[in-house]
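Enquirer: Respectively, the protein sequence lines represent chains A and B. Going by UniProt numbering, the first sequence opens with residue 1, and the numbers climb by one from there. Going by UniProt numbering, the second sequence opens with residue 1, and the numbers climb by one from there. No residue lacks a Cβ here, since even glycine has one placed at the ideal position from N, Cα and C. Just so it is clear, the structure is predicted and the values come from calculations on it, not from any experiment.
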Amino acid sequence: MPDVSYVGKALPPTAPYRVGREKVREFALAIGEGASVCLDVDAARAAGHPDVVAPPTFAVTFTMPVIEAFLRDPAFGWDYLRMVHGDQSITLYRPICGGDDLVTTIHVDDLRTRGGSHMLTLRCEVADTDGERVATTKLLLVTAAEGES
Amino acid sequence: MTAVGDELPPLSLRVTRADLVRYAGASGDFNPIHWSDRVATSAGLPGVIAHGMLTMALAGRLVTDWAGSPAAVRSYGVRFTRPVVVPDDDDGALVEISGKVTGISENDGGERIAKVAITAAFEGKTVLGRAIAEVAVRSE
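#1: Give every residue of the same chain whose Cβ lies closer than 8 Å to the Cβ of ALA15 of chain A, excluding the five residues on either side of it in the sequence, and list them in chain order.
#2: Look at the Cβ atom of PHE27 of chain A, then the Cβ atom of PHE58 of chain A, and state whether they are nearer than 7 Å.
#3: Using a C-beta to C-beta distance shorter than 8 Å, which residues of chain A count as neighbours of LEU58 of chain B?
#4: Taking contact to mean 3 or more Cβ pairs, one atom from each stretch, closer than 8 Å, check whether the region 8-24 of chain B and the region 79-91 of chain B are in contact.
#5: Leaving out five residues before and five after SER149 of chain A in sequence, what residues of the same chain have Cβ atoms less than 6 Å from its Cβ?
#6: Looking at HIS118 of chain A and PHE80 of chain B, is the spacing between their C-beta atoms short of 7 Å?
#7: With a CB to CB cut of under 8 Å and the five nearest residues on each side skipped, what residues in its chain are close to LEU25 of chain A?
#8: Please tell me whether PRO50 of chain A has its Cβ less than 7 Å away from any Cβ of chain B.
#9: In chain A, what lies closer than 9 Å to GLY77 of chain B by C-beta?
#10: Under 9 Å Cβ-Cβ, which residues of chain B neighbour ALA47 of chain A?
#11: CB VAL84 of chain B to CB ALA50 of chain B, shorter than 7 Å?
#12: Please go through the UniProt domain "MaoC-like" (11-90) of chain B and give each complete alpha helix (DSSP H) segment of 4 or more residues, from N-terminal end onward.
#13: Is the beta carbon of VAL101 of chain B less than 7 Å from the beta carbon of VAL116 of chain B?
#14: Does VAL27 of chain A have its Cβ less than 7 Å from a Cβ in chain B?
#15: Mind checking the region 14-31 of chain B against chain A and listing, in chain order, the residues whose C-beta falls within less than 7 Å of any C-beta there?
#16: Hey, is PRO2 of chain A's beta-carbon within less than 7 Å of any beta-carbon in chain B?
#17: Report the residues of the region 105-128 of chain A with a CB closer than 7 Å to any CB of chain B, ordered along the chain.
#18: For the alpha helix (DSSP H) containing LYS23 of chain A, list its first residue and its last residue.
#19: Using 7 Å as the limit for Cβ to Cβ distance, is THR61 of chain A near chain B?
#20: Where in the UniProt domain "FAS1-like dehydratase" (14-136) of chain A do unbroken runs of the alpha helix (DSSP H), each at least 4 residues long, occur, reported from the N-terminal end onward?
#21: How would you label ASP29 of chain B, buried or exposed, when you count the other beta carbons within 10 angstroms and need 16 or more for buried?
#22: For GLY124 of chain B and chain A, any beta-carbon pair shorter than 7 Å?
#23: Along the chain, where does the beta strand (DSSP E) that runs through ARG112 of chain B open and close?
#24: According to DSSP, simplified to helix, strand and coil, what is VAL137 of chain B?
#25: Can you tell me whether GLY110 of chain B is buried or exposed, with buried defined as 16 or more other CB within 10 angstroms of its CB?
#26: For a test of the three-state rule: what should DSSP assign to VAL4 of chain A, helix, strand or coil?
#27: If you measure between the beta carbons of VAL135 of chain B and ALA72 of chain B, is that distance less than 7 Å?
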């Protein structure tokens, strides 16, 4: 049974994550994104960006490990192995680019239990090391009720 | 000029097991339901399934291809309604993606924003629900 006292709270901010140019390229290639601003630093700079531009869903690469660590923490009591991803949204206040140093803060927005199934809404606020907002991601995670699979 | 009702050029994409392995490495999501038939079927799934975030990213290419740059995307959200089952063969799973402009507005920064409703289908059924992207478009 997940601990409802986490609802409304934020976890401690992460150490800065450096967005690597090659990581952006690797991610773009893995999803078949061929835009030159994702792959070629000269093209990105010519378009007015400081470095290669990450595809819109790139933030999962550094927010998911933080979420996973929280969900596997026995203190929270989440059934990690019975979980499915219900929905996901991303708001970008500016593009994420190679060379960014990004700090993620997870907020536990909501937790509901219905018929033995738990629905958890987490929000990740991503900012640069000056505290400027870069992105907000939100996800719903659902565990099946006991006895179902 | 972009207008409500405009249809985006559709995409037909094949997802193979090799694509899942590559995405696992790039994203860091190594959940075995995305590469092991044994684990996937014991979890009650019909077989190895694509990462929901990969399906979301592939569907997002409809919009980034259309806009010409991923930097134009201001927001993007989806619900994962059905898994994409990826067979262990060379053809993989076919995902068909289409979309339409459903609204145009101006944001606080004075940008012209097109709202695009995206449809992603696998075996004739939609795999993403309420898939909507907001994209900055040129005003002239």
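Expert: Well, looking at it:
#1: In the first sequence, the residue the question calls residue 15 of chain A occupies position 15. Taken in chain order, the residues that qualify are VAL103.
#2: Translated into the one-based positions of the first sequence, residue 27 of chain A becomes position 27. Translated into the one-based positions of the first sequence, residue 58 of chain A becomes position 58. Against a cut-off of 7 Å, the Cβ pair of PHE58 of chain A and PHE27 of chain A comes out as a contact.
#3: By 1-based counting over the second sequence, the position of residue 58 of chain B is 58. By Cβ distance, chain A contributes ILE31, GLY32.
#4: yes
#5: For the purposes of this step, residue 149 of chain A is identified with residue 149 of the first sequence, where counting begins at 1. Confidence in SER149 of chain A is poor, its pLDDT being 46 and thus under 50, which makes the residue's placement unreliable; the coordinate value appears in the next sentence. Taken in chain order, the list of residues that qualify is empty.
#6: Position 80 of the second sequence, counting from 1, holds the residue named residue 80 of chain B. Position 118 of the first sequence, counting from 1, holds the residue named residue 118 of chain A. It is not a contact, given that the beta carbons lie outside the stated cut-off.
#7: Here residue 25 of chain A refers to the residue found at position 25 when the first sequence is read from its first residue. Per the sequence presented here, residue 25 of chain A reads as Arg, with Leu not at that position. The residues are CYS38, LEU39, VAL52.
#8: Here residue 50 of chain A is taken as the residue at index 50 of the first sequence, counted from 1. Not an interface residue.
#9: As a working note, residue 77 of chain B is residue 77 in the second sequence. The contacting residues are ASP87, GLN88, SER89, ILE90, THR91, LYS138.
#10: One-based indexing of the first sequence puts residue 47 of chain A at position 47. The answer, in chain order, is SER69, ALA71.
#11: Locating residue 84 of chain B in the second sequence gives position 84, counting from the first residue. Locating residue 50 of chain B in the second sequence gives position 50, counting from the first residue. Yes; because the gap between Cβ atoms is below 7 Å, this pair is in contact.
#12: 17-27, 37-42, 52-67
#13: As a position in the second sequence, residue 101 of chain B is number 101, starting the count at 1. As a position in the second sequence, residue 116 of chain B is number 116, starting the count at 1. Yes, these two residues count as a Cβ contact at 7 Å.
#14: Within the first sequence, the letter at position 27 stands for residue 27 of chain A. Note that residue 27 of chain A is Phe in the sequence shown, not Val. PHE27 of chain A counts as touching chain B.
#15: ARG22, TYR23, ALA26, SER27, GLY28, ASP29
#16: The residue you call residue 2 of chain A lines up with position 2 of the first sequence. No, no contact with chain B.
#17: none
#18: The residue given as residue 23 of chain A occupies position 23 in the first sequence. Run containing LYS23 of chain A: 21-30, per the alpha helix (DSSP H) assignment.
#19: For this step, residue 61 of chain A is matched to residue 61 along the first sequence. Yes, THR61 of chain A lies at the interface with chain B (some Cβ there is under 7 Å from its Cβ).
#20: 21-30, 36-39, 41-46, 60-71
#21: Here residue 29 of chain B refers to the residue found at position 29 of the second sequence. So ASP29 of chain B counts as buried.
#22: Residue mapping note: residue 124 of chain B aligns to position 124 of the second sequence, counting from 1. Chain A, which has no Cβ nearer than 7 Å to the Cβ of GLY124 of chain B, makes this no.
#23: Here residue 112 of chain B refers to the residue found at position 112 of the second sequence. Where ARG112 of chain B is concerned, the enclosing beta strand (DSSP E) stretches over 112-122.
#24: Numbered from its first residue, the second sequence carries residue 137 of chain B at position 137. If DSSP states are grouped into helix, strand and coil, VAL137 of chain B belongs with the strands.
#25: Taking the second sequence and counting its residues from 1, one reaches residue 110 of chain B at position 110. GLY110 of chain B is exposed by the Cβ-count criterion.
#26: Here the question's residue 4 of chain A lines up with position 4 in the first sequence. VAL4 of chain A falls in the helix class under three-state DSSP.
#27: Translated into the one-based positions of the second sequence, residue 135 of chain B becomes position 135. Translated into the one-based positions of the second sequence, residue 72 of chain B becomes position 72. Closer than 7 Å, so yes.
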